[in-house]
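Residue numbers (the UniProt record's numbering): 1 to 251. Where is the CB? At the ideal position from N, CA and C, for every residue including glycine. Here's the structure we're looking at; comments come further down.
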Ligand SMILES: O=P(O)(O)OC[C@H]1O[C@H](O[C@H]2O[C@H](CO)[C@@H](O)[C@H](O)[C@H]2O)[C@H](O)[C@@H](O)[C@@H]1O
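Pasting the structure below:
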């Protein structure tokens, strides 16, 4: 990995029996799509993840910027644990309640202004989260810089309570204080994750917090495209792991 904490090569990883898998969703498990709802879960991915989950004693989590409900929609009953909204919401095990960090809600004035911007800029989309707001400009790339300036103005007036993250063709406005690294640390504290080597895989700036946390816990972080060229290559690697024995590592 080039820009984030160094990782061992893929052929020096431990067997799944000693690993915990902490996986990002968009751009990692699924290819980037024109809109958030149009992502396609590749044939076989759910089966692959279920098999891998068996091999690693359930220590498989998805850690996404999306709300947990969306991960449940795309990967029903697949990961053992799910962290959503970049770690703000965590469900530690199937059937357990979702724990949410107490953070300030997005001001209503921002939401109203954002909707007006979307109404006047074809292709701009607004995504509302319980604790955040995303200004998507994949459908209107020229609007990106102006939207970013508006987002900077909003959060600049909050004394650090919110921040703007440059995401993939989007500006993510989030309350400060929680990131994917916190989700990794929280999950790794208890069964079935505790005592295993955390392997975090992601593709975006927000994932670097997760990678750093995994490395600081003695594990590894991999980034697409540095360590796998694209999500398809990563899925193929996961499929080999799920099907094979320890020899699948590094294949
Ligand atoms: O942490 P992730 O699981 O990687 O989620 C990050 C954000 O992903 C989504 O937006 C991105 O993916 C969309 C689908 O491919 C794409 O259309 C958009 O341009 C990307 O920014 C999602 O909408 C966000 O809520 C997530 O935070």
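{"Query": "Assumed close pair residue 91, residue 102 - CB separation to whole angstroms, cut-off 8 Å", "Result": "Actually they are not in contact, since the Cβ atoms of residue 91 and residue 102 sit about 17 Å apart, beyond 8 Å."}
{"Query": "Residue 108: first and last residue of the uninterrupted beta strand (DSSP E) it sits in", "Result": "Where residue 108 is concerned, there is no enclosing beta strand (DSSP E), although the alpha helix (DSSP H) it sits in stretches over 108-120."}
{"Query": "Three-state class that DSSP yields for residue 228 in the structure shown", "Result": "coil"}
{"Query": "Close-in-space but distant-in-sequence residues of the same chain around residue 172 (CB under 6 Å, 5 per side omitted)", "Result": "134 and 165"}
{"Query": "According to DSSP, residues forming a beta bridge with residue 191", "Result": "According to DSSP, which records beta bridges pairwise, residue 191 is partnered with nothing at all."}
{"Query": "CA-to-CA distance, residue 143 to residue 85, given in whole angstroms", "Result": "24 Å"}
{"Query": "Cβ contact check for the segment 122-136 and the segment 199-217: 3 or more pairs under 8 Å", "Result": "no"}
{"Query": "Contacts around residue 234, its chain only, beta-carbon distance under 7 Å, and the 5 residues preceding and following it disregarded", "Result": "28, 201, 224 and 228"}
{"Query": "Segments assigned beta strand (DSSP E), at least 3 residues, entirely inside the segment 119-171", "Result": "125-129, 132-136 and 162-167"}
{"Query": "Whole beta strand (DSSP E) elements within the segment 176-222, 3-residue minimum", "Result": "197-202"}
{"Query": "Backbone secondary structure at residue 71 - three-state DSSP", "Result": "helix"}
{"Query": "Strand pairing of residue 98, partner residues [DSSP]", "Result": "DSSP output for residue 98 lists no bridge partner at all."}
{"Query": "Stretch-stretch touch, CB-based, cutoff 8 Å, three pairs: the segment 152-165 with the segment 186-197", "Result": "no"}
{"Query": "Cβ neighbour criterion (16 or more within 10 Å) applied to residue 66", "Result": "buried"}
{"Query": "Whole-angstrom C-beta distance between residue 174 and residue 162, which should lie under 8 Å", "Result": "7 Å"}
{"Query": "Cβ neighbour criterion (16 or more within 10 Å) applied to residue 109", "Result": "exposed"}
{"Query": "Member of 239, 32 and 37 whose CA lies at the smallest distance from the CA of residue 69", "Result": "37"}
{"Query": "Residues bridged to residue 63 (per DSSP)", "Result": "83"}
{"Query": "Integer Cβ distance of residue 210 from residue 63, believed to fall under 8 Å", "Result": "6 Å"}
{"Query": "Top-ranked residue by Cα proximity to residue 54, from 132, 78 and 139", "Result": "78"}
{"Query": "Residue 253 beta carbon near ligand 1 (any heavy atom closer than 7 Å)", "Result": "Absent from the model: residue 253. The displayed extent of the chain is 1 to 251, so no value can be given."}
{"Query": "Residue 22 in three-state terms, based on DSSP", "Result": "strand"}
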